[in-house]
Structure formats: structure tokens, C-alpha cells
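Just so you know, the UniProt record's numbering puts 232 at position 232 of the sequence shown, and the rest follows in order with no gaps.
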Amino acid sequence: MFRARQRFGKYIIERKIAEGGFAIVYQARDTIEGIRVAIKMPYEHLISSNMLDEFRQEVRLVARLDHPNILPLKYADYIDGKFVIITALGDMSLDDRLSRRLSPSIALDYADQMIAAVAYAHSERVVHCDIKPDNFLIFPGHQIRLTDFGIARVAQHTLKGSGAGTLGYVAPEQAMGQVSPRSDVFSLGITIYRMLTGRLPSFPYEWPLEGYDRLRAKVHPDFISVLQRAMESDARRRFRDAVQFEHAYDSVRSRALKATSAKTPTGKTSRALDWRAVQRKEFLKLYGAELEAKYECDKCSGPVSESMHACPWCGKKRKKHNDDTKYPQCCPRCHRGMKLDWVYCPWCYGPGFEPSSERQYSDKRYTAKCTNAKCERKLLMPFMRYCPWCQTKVRRRWQLHGSGQTCQRCGWGVAGDHWSYCPWCTKALKTIR
């Protein structure tokens, strides 16, 4: 396994993204191209000459797939004696995105792209074999790209007894070792159903499925009929491939969301939603730039910043930052951003790191100094908890300019006219001084 900040060829490892039955995936920075990539490293005990030969055949097979919603392999070979597979790095996986509420319109936009990707692959006689939210990556602009082509097929053959895709998304016949384009259609239907309902159906997939009431409230009955056929447990009654699925989907897509227009917020609910939107808009105007509050809470969708440890609107804890960062690398513990010359993470407490660069970087965000007399650089940014150079706990009570309000518990600046919780100490804001 790699460690954070470990150099690997031309890459510097930043953090582990995922770990599955076939491989570990890391986020890394390409020091030559200056971009972030995903490094998938199969477990050494699974690597054999037969596996490598099979994988090379799959790579050649998939190399001809040229589609905006399919992510090609960037590189696959040995680096420092380890076999790795390298691809571009998305903002997050669809599985990560599904941890938050997904509006029906965005879900259908994603479905458009997902079906197009699989339909194109099937038109080229390529079956994916492991369609699931983890294998759809989200890039800027809500672009969806299907990944792990070839890798999924080799993994199936390599992992004995697992030749059945991923539990929960695998078609019944695929679980018995019979794989075809219809299997991908089933897995795709299950994934779309989960996007729209928040529920993952289970065997024997008898309708009405769990979450059906949610589905019926959001989409047109004709759309449900198309989705139901894609999810038929009997492969013979399913669409023969994603091309046929796409044709049926396109025929109902224009009226798919008609059912959602029937229900709109009224009365107190409508006024509450309107007031909340106005309140958050005013907050962003006053403090958004200073706090860099460009992210959304997973629970309430309120604006939050990377340095916050709780949502100030609903109080949900933010032990880890699960969005992007404009810093060049991330802390492997809290996933918040770090500069290349920092020795410690200033957002969470833990062991230090070997700096990724010997250069000392300036930054206009440095506005305060560490109180430790022995600290060599002393530079601090607003709302840091620890000094990034010596790890001394910051005693300064950071203020929010223009607010004049502070948390009664920790003394840090808060927007008391807008927030219900302190994002720094995570406690409810009962009194402000």
C-alpha cells in the first residue's frame, strides 16, 4: 500500500479513494502534467501472466471506444515493479453523489448520459459486466463518464467465484455465469431506479419494488414502464441491449417529469422555502467570498466552506470534506486541502507529512502568525485549527468580518443572523455575544 505524499514514478500519492476485491484506488498528482489522476493497483496475489495477457486483450478491445461518456484508460503498465492502471480523476463517483439528495431533473440528465455510454459500447459489441454507481464518474459540468471497461471483465475472471458483477446490481442470469448485453441493461436499470428513489431493489425484484411510491410521484407512468422492462428479472423479457433500451427511453424522455409538476410547495411550506433561499442568498452576498462558501451541505444543501467542521444551517458534522479543493493536495485523514510545503494538516490533528516540495510558497491568504516562538514560518490562514508548520493549536479566535458576532462556546466569528449552529465547534448557537 502507498502512503500519503509517497512518490511513485512521476506521481505523488495524495490519498486512498477506494478499496475493492480486485484493487486499491489512489488519488495522485502527476508532477509532469500537473494534473490529478486515479491510480488503480490490483492486489499482487491476483496478478498473473494469464491475467496480464487477458487484460492487454481487453485494453485493445476497449481502445476503440470513443465516446464523451466513456472514460478511456490513460496508462496501464508496470511502474517501480507494480502493475497499475491510470485514468483521469473525476470530481466524485455517482455512488458518492447518491449520499446526497438528487433532484429528478439531474437524475434524468445523468440517466441520459449513462444510457448513451452503454448503448454505444453495445453497438461496438463490448459488454461492461459491472455497471454500478461506483463505475460512473462525475466530471465538471455534470458530465458522466463510465469507467473500468476491460478492468471489470478481467476482474470477473480473476476473482474466483465473483464472476457476477457487484452484489445488488448484478442481473440474476449473470450471477449464474451467463453474461450478455441484457445483463448490463438490468444493472443500468437498477442504478437509474436508485437515483430516482434512493432505494436499491432486492431479489426477486417483484413489482411494486421498495421505493415505488417515490418513483410514481416523480415520473410519468410511461417512463416507469420502460424502466420496469429494463429491470425484468427474466432476461428474455428485458431489452436485448442498451441500444434498444435507449430507443424506448428516448420515446418517453420528453414527458418523463410531467408527474412532478402536479405537486408544488404551497402555504407555509412554500413561504419557508422562499425565506430560506433569501436568507442563504443574503449570507453568500455578505460572507461567501471571505469564507469561500462554494460547497453544499450533504443534508440540507446549505452553503458551507472547506474549513467548516459542521454545517451552520442544519448542524451535520463534516469530519471529512468530500468535495473538490483548490489546494494542490489533500490530507488523507480529513480530505481537506493542503499546500505542498505544509508539514501538518491545519484542519485536523494527526501525524505530520514529508513536504512534497522544498520550495516555500507565498499566499495572500496568510493573514496571521503562530504564537509558538520556535515555529520557523508562523504563517496562518483564517480558521486554521493548527499551525501547518509546527502543529501548535491556534489560540487566536478567528473573526468573521462584518458580523461582529461570536460563538458563546468557542469565541470564533459566526453569522448569527443566518446560522443555527457554529461551524467551528459544531454546537448550536443559543447565545451570541
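C-beta: ideal position from N, C-alpha, C; glycine also.
- Query: With which residues is threonine 87 paired in a DSSP beta bridge?
  - Reply: Sequence index remark: in the sequence shown, residue 87 carries index 87 (1-based). Answer is Ala38, bridged to threonine 87.
Within a Cβ cutoff of 7 Å, which residues of the same chain sit near glycine 165, ignoring the five residues on either side of it in sequence?
Walking along the sequence shown from the start, residue 165 turns up at place 165. In this prediction, glycine 165 has a pLDDT of 49, which is less than 50 and means its spatial position is unreliable; what the coordinates show is noted afterwards. Non-local beta-carbon contacts of glycine 165 in its own chain, meaning distances under 7 Å to residues more than five positions away in sequence, involve Cys129, Asp130, Gln174 and Ser187 in chain order.
Do proline 303 and glutamate 292 count as a contact pair if the criterion is CB distance below 8 Å? For the purposes of this step, residue 292 is identified with residue 292 of the sequence shown, where counting begins at 1. For the purposes of this step, residue 303 is identified with residue 303 of the sequence shown, where counting begins at 1. Cβ atoms of glutamate 292 and proline 303: not closer than 8 Å.
Continuous beta strand (DSSP E) stretch holding tyrosine 30: start and end: In the sequence shown, residue 30 corresponds to position 30, counting from 1. According to the sequence as given, residue 30 is aspartate; it is not tyrosine. Where aspartate 30 is concerned, the enclosing beta strand (DSSP E) stretches over 23-30.
Quick one: what's got a C-beta closer than 7 Å to tyrosine 205's C-beta in the same chain, skipping five residues either side?
Locating residue 205 in the sequence shown gives position 205, where the first residue counts as 1. So the qualifying residues of the chain are Met231 and Ser233.
Exercise for review: Check whether the Cβ atoms of glycine 198 and arginine 214 lie closer than 8 Å to each other.
Suggested key: Numbered from its first residue, the sequence shown carries residue 198 at position 198. Numbered from its first residue, the sequence shown carries residue 214 at position 214. Yes, Cβ-Cβ distance for glycine 198 and arginine 214 is below 8 Å.
Residues bridged to threonine 406 by DSSP? Numbered from 1 along the sequence shown, position 406 holds the residue referred to as residue 406. BP columns for threonine 406 point to Gly413.
- Task: For cysteine 75, write down the residues that DSSP places opposite it in a beta bridge.
- Result: Here residue 75 refers to the residue found at position 75 of the sequence shown. For the record, residue 75 in the displayed sequence is tyrosine; it is not cysteine. Bridge partners of tyrosine 75: Ile86.
Check your understanding: CB valine 170 to CB leucine 89, shorter than 8 Å?
Key -> Walking along the sequence shown from the start, residue 170 turns up at place 170. Walking along the sequence shown from the start, residue 89 turns up at place 89. Contact flag unset, no.
Roughly how many whole angstroms lie between the Cα atoms of histidine 335 and tyrosine 287? Looking up residue 335 in the sequence shown gives position 335. Looking up residue 287 in the sequence shown gives position 287. Distance between the alpha carbons of histidine 335 and tyrosine 287: 23 Å.
- Is the beta carbon of cysteine 370 less than 8 Å from the beta carbon of tryptophan 389? On the sequence shown, residue 370 is found 370 positions in, with the first residue counted as 1. On the sequence shown, residue 389 is found 389 positions in, with the first residue counted as 1. Cysteine 370 places its beta carbon less than 8 Å from that of tryptophan 389.
| Using the rule of at least 16 other Cβ atoms within 10 Å of the residue's Cβ for burial, across every protein chain shown, is residue 447 buried or exposed? | Examination of residue 447 is not possible in this model, given that the chain is present from 1 through 433 alone.
task = Using three-state DSSP, classify methionine 338 as helix, strand or coil.
result = Along the sequence shown, one-based indexing puts residue 338 at 338. Here methionine 338 sits in strand by DSSP.
Can at least three beta-carbon pairs, one atom from the segment 232-249 and one from the segment 137-151, be found at a separation below 8 Å? Segments in contact, no.
**Message:** Three Cβ pairs or more, each shorter than 8 Å: is that satisfied between the segment 37-52 and the segment 9-27?
**Reply:** They touch, by the three-pair rule.
List the residues that DSSP assigns as beta-bridge partners of glutamate 296. Translated into positions along the sequence shown, residue 296 becomes position 296. According to DSSP, which records beta bridges pairwise, glutamate 296 is partnered with Pro303.
Open item on the list: Cutting at 7 Å between CB atoms, please list the residues of its own chain near tyrosine 327, excluding the five before and the five after it.
Closed with: On the sequence shown, position 327 is the one that residue 327 refers to. Contacts found: Gly337, Met338 and Lys339.
Check: Rounded to a whole number of angstroms, what is the C-alpha to C-alpha distance between alanine 368 and aspartate 298?
Finding: Position 368 of the sequence shown holds residue 368. Position 298 of the sequence shown holds residue 298. Between alanine 368 and aspartate 298, the C-alpha separation is close to 31 Å.
With H, G and I counted as helix, E and B as strand and the rest as coil, what does DSSP make of lysine 369? Here residue 369 refers to the residue found at position 369 when the sequence shown is read from its first residue. In the structure shown, lysine 369 sits in a strand (DSSP, three-state: E or B).
| task | Determine the burial state of glutamate 14: buried for a count of at least 16 other Cβ atoms within 10 Å of its Cβ, exposed for fewer. | result | Taking the first residue of the sequence shown as 1, we reach residue 14 at position 14. With 16 or more other Cβ atoms within 10 Å, it is buried.
Practice problem: Inspect the beta-carbon positions of glycine 283 and alanine 428 and report whether they are closer than 8 Å. | Solution: Position 283 of the sequence shown, counted from the first residue, corresponds to residue 283. Position 428 of the sequence shown, counted from the first residue, corresponds to residue 428. Note that residue 283 is phenylalanine in the sequence shown here, rather than glycine. Contact: no.
Requested in this report: Check whether the Cβ of cysteine 334 lies closer than 8 Å to any Cβ atom in chain D.
Outcome: The structure shown contains no chain D, having only a single protein chain.
Check: From aspartate 341 to glutamate 358, what does the alpha carbon distance come to, in whole angstroms?
Finding: Against the sequence shown, residue 341 aligns to sequence position 341. Against the sequence shown, residue 358 aligns to sequence position 358. Taking the Cα positions, aspartate 341 is about 7 Å away from glutamate 358.
Measuring CB to CB, does tyrosine 421 end up less than 8 Å from proline 332? Counted from its first residue, the sequence shown places residue 421 at position 421. Counted from its first residue, the sequence shown places residue 332 at position 332. Not closer than 8 Å, so no.
**Message:** With a threshold of 7 Å (Cβ to nearest heavy atom), would proline 204 be considered close to the ligand GDP?
**Reply:** Because no ligand of any kind appears in the structure shown, any question about the ligand GDP cannot be addressed here.
Review point. Taking just the CA atoms, how far does tyrosine 193 sit from leucine 227?
Key: Taking the first residue of the sequence shown as 1, we reach residue 227 at position 227. Taking the first residue of the sequence shown as 1, we reach residue 193 at position 193. One C-alpha to the other measures close to 8 Å.
Task: Contact check, alanine 119 vs isoleucine 70, beta carbons under 8 Å - done: Locating residue 119 in the sequence shown gives position 119, where the first residue counts as 1. Locating residue 70 in the sequence shown gives position 70, where the first residue counts as 1. For alanine 119 and isoleucine 70, no; Cβs fall outside 8 Å.
ask   = Between proline 133 and leucine 94, is the Cβ-Cβ spacing less than 8 Å?
value = Here residue 133 corresponds to residue number 133 of the sequence shown, with the count starting at 1. Here residue 94 corresponds to residue number 94 of the sequence shown, with the count starting at 1. Their beta carbons are under 8 Å apart, which means proline 133 touches leucine 94 by this criterion.
Item to complete: Identify which residue in Ser356, Thr392 and Arg365 has its Cα closest to the Cα of alanine 373.
Response: For the purposes of this step, residue 373 is taken as residue 373 along the sequence shown, with counting starting at 1. Considering only alpha carbons, the answer is Thr392.
Name the two residues that bound the continuous alpha helix (DSSP H) containing tyrosine 11. Mapped onto the sequence shown, residue 11 falls at position 11. Counting along the chain, tyrosine 11 falls outside any alpha helix (DSSP H), though it belongs to the beta strand (DSSP E) covering 11-19.
>> So, at 7 Å on beta carbons, what are the nonlocal neighbours of isoleucine 115 in its own chain, with the 5 sequence-adjacent residues on each side left out?
In response: Counting from 1 along the sequence shown, the entry for residue 115 is found at position 115. Answer for isoleucine 115: Leu188, Ala242, Phe245, Glu246 and Tyr249, listed in chain order.
Other residues of its chain near phenylalanine 223: CB distance less than 7 Å, five sequence neighbours each side excluded: Here the question's residue 223 lines up with position 223 in the sequence shown. Cβ neighbours of phenylalanine 223 beyond the five flanking positions: Val252 and Ala256.
- [ ] Note the first and the last residue of the continuous beta strand (DSSP E) segment covering glutamine 143.
- [x] Reading the sequence shown from its first residue, position 143 is the one you call residue 143. Under the DSSP assignment, glutamine 143 falls in the beta strand (DSSP E) whose first and last residues are 143-146.
Original post:
Between which two residues does the alpha helix (DSSP H) harbouring isoleucine 106 extend?
Top reply: Position 106 of the sequence shown, counted from the first residue, corresponds to residue 106. First-last of the alpha helix (DSSP H) with isoleucine 106: 104-123.
Extent of the continuous alpha helix (DSSP H) to which phenylalanine 223 belongs:
The residue given as residue 223 occupies position 223 in the sequence shown. Where phenylalanine 223 is concerned, the enclosing alpha helix (DSSP H) stretches over 221-230.
task: Could you check which residue in Ala217, Met51, Ser305 and Pro172 has the C-alpha nearest to that of proline 104?
output: Counting from 1 along the sequence shown, the entry for residue 104 is found at position 104. Of Ala217, Met51, Ser305 and Pro172, the residue nearest in Cα terms is Ala217.
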